[in-house]
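In our numbering, the protein residues as written are 4 to 393. Idealized CB from N, CA, C, for every residue including glycine. Computed from a predicted model, the values in this text were never measured in an experiment.
Structure below.
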């Protein structure tokens with residue numbers, strides 16, 4: 004904005020200088036450039052862009068400070084200006100709409116081989132995924148301490164699972180995508196009518212066990228989704244979890260648009276599709292697999308309990324990990340944008356009236372200086388009122 008404003012003021016001052024010299028010469032026949040310089044100086048003093056330059060940064064700084072006091076850290080100021088245009092709120096499921104503390108509710112042992120449990124525990128100890136922790140906690144609680152054998156060649160597949168070699172046996176632990184990667188058909192007789200995530204254990208090409216994992220829905224998720232709907236936002240969910248589990252959670256929360264079983268790059272493609280259809284997307288996530296989608300969204304919001312990758316990829320971090328702060332973030336974003344607009348209007352009002360008045364000779368330089376100070380004081384006062392009322 005200033006790159007257009009400053010040349011305009013310079014141009015106005017020069018034109019005023021020329022017109023006044025010509026007018027005096029035509030009317031009196033006297034060449035007197037001092038009056039033209041006097042008018043040009045007054046225009047430049049009146050047009051000094053201090054208030055205009057402060058209008059946006061001051062509101063952003065004060066708004067960011069207010070948000071920080073509520074446990075919301077704004078890492079990118081441009082994201083605040085983008086918030087009023089957001090019309091689609093997209094959530095990850097695990098750890099965002101759910102508690103993020105999954106627990107194993109059942110284990111189906113298909114082999115009877117006790118070494119398989121040891122292998123699972125030892126391999127899962129290399130992963131920091133919430134499901135890996137849940138499986139490890141279940142094994143330790145039910146079977147006691149585990150002594151690990153020769154564990155090597157650990158490999159993690161994002162959105163699928165983990166692989167390792169235990170005592171010379173190839174062990175796979177993951178969802179149906181991992182089975183598909185290794186051309187292993189899932190069993191036909193397993194729990195499929197419950198909202199459980201299914202994690203398979205494969206040893207040397209054969210399914211030897213199935214873990215069923217549950218993650219409770221957050222108590223404040225329903226209220227937030229209801230508020231978003233009432234406020235006119237479209238709400239959706241993208242998750243790498245089992246589609247039937249994603250559907251169950253979304254039905255419980257009243258969310259109609261959802262996609263399950265997505266890999267991290269597939270989430271990014273989904274967001275790109277929404278953006279091509281005219282949506283401005285705010286993505287809320289907390290997991291390792293949410294980094295690409297948080298970066299792709301118009302505004303990425305990471306919950307403070309999430310992974311370092313998610314936090315590093317986000318524009319905004321909700322430190323307190325409370326979903327109700329998403330509501331506060333959207334509200335404060337609109338207020339900050341409104342304050343920026345009112346500050347700009349005040350600054351332009353002073354300059355819009357003052358510059359023509361100076362060019363016509365109605366204002367002296369000392370009055371222009373006082374008006375400039377008054378315009379700056381007005382913008383500051385307007386911003387401080389926002390701080391006190393937010």
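Backbone CA spacing between residue i and residue j [nearest angstrom]
{"i": "residue 71", "j": "residue 294", "result": "22 Å"}
{"i": "residue 271", "j": "residue 235", "result": "24 Å"}
{"i": "residue 20", "j": "residue 9", "result": "17 Å"}
{"i": "residue 433", "j": "residue 338", "result": "It is not possible to answer for residue 433, since the shown part of the chain is limited to 4 through 393."}
{"i": "residue 282", "j": "residue 373", "result": "46 Å"}
{"i": "residue 86", "j": "residue 262", "result": "24 Å"}
{"i": "residue 23", "j": "residue 13", "result": "16 Å"}
{"i": "residue 394", "j": "residue 302", "result": "The chain is shown from 4 up to 393; residue 394 falls before or after that span and cannot be answered."}
{"i": "residue 304", "j": "residue 297", "result": "7 Å"}
{"i": "residue 384", "j": "residue 370", "result": "21 Å"}
{"i": "residue 44", "j": "residue 11", "result": "15 Å"}
Start-to-end residues for the beta strand (DSSP E) that takes in residue i
{"i": "residue 240", "result": "237-241"}
{"i": "residue 200", "result": "200-206"}
{"i": "residue 285", "result": "284-288"}
{"i": "residue 112", "result": "106-112"}
{"i": "residue 265", "result": "From DSSP, residue 265 is part of no beta strand (DSSP E); its letter is neither H nor E."}
{"i": "residue 78", "result": "From DSSP, residue 78 is part of no beta strand (DSSP E); its letter is neither H nor E."}
Buried or exposed by the 16-neighbour rule on C-beta atoms within 10 Å, applied to residue i
{"i": "residue 151", "result": "exposed"}
{"i": "residue 26", "result": "exposed"}
{"i": "residue 239", "result": "buried"}
{"i": "residue 286", "result": "buried"}
{"i": "residue 6", "result": "exposed"}
Which listed residue (the options) has its alpha carbon closest to that of residue i
{"i": "residue 386", "options": "283, 367, 22 and 57", "result": "57"}
{"i": "residue 200", "options": "347, 322, 138 and 161", "result": "138"}
{"i": "residue 145", "options": "121, 168 and 380", "result": "121"}
{"i": "residue 257", "options": "274, 268, 233 and 113", "result": "233"}
{"i": "residue 67", "options": "319, 345, 368 and 367", "result": "319"}
{"i": "residue 379", "options": "114, 353 and 178", "result": "353"}
{"i": "residue 75", "options": "358, 342, 355 and 332", "result": "332"}
{"i": "residue 92", "options": "216, 260, 32 and 107", "result": "260"}
{"i": "residue 16", "options": "30, 51, 31 and 33", "result": "51"}
{"i": "residue 132", "options": "48, 47, 88 and 289", "result": "289"}
Bounding residues of the alpha helix (DSSP H) (the contiguous stretch that carries residue i)
{"i": "residue 39", "result": "36-49"}
{"i": "residue 353", "result": "327-362"}
{"i": "residue 161", "result": "Looking at the DSSP string, residue 161 is not in any alpha helix (DSSP H), and its letter there is neither H nor E."}
{"i": "residue 184", "result": "179-184"}
{"i": "residue 297", "result": "294-299"}
{"i": "residue 66", "result": "53-72"}
Cutoff 7 Å: residue i Cβ touching any chain B Cβ
{"i": "residue 160", "result": "Protein chains in the displayed structure number just one, and chain B is not present."}
I want to know whether the segment 61-71 touches the segment 94-102 - three or more CB-CB distances under 8 Å. Contact fails: fewer than three Cβ-Cβ distances are below 8 Å.
The segment 324-331 touching the segment 225-233, judged by at least three CB pairs closer than 8 Å: yes
Whether or not the segment 242-250 and the segment 139-147 are in contact is what I'm after, with contact meaning three or more pairs of Cβ atoms, one per stretch, closer than 8 Å; do they touch? no
Assess, as a yes-or-no matter, whether the segment 26-43 is touched by the segment 348-359 under the definition of 3 or more beta carbon pairs within less than 8 Å. no
Assess, as a yes-or-no matter, whether the segment 177-190 is touched by the segment 155-165 under the definition of 3 or more beta carbon pairs within less than 8 Å. The answer is yes - the segment 177-190 touches the segment 155-165, with three or more Cβ pairs under 8 Å.
Is the segment 107-124 touching the segment 355-366, taking contact as three or more C-beta pairs under 8 Å? no
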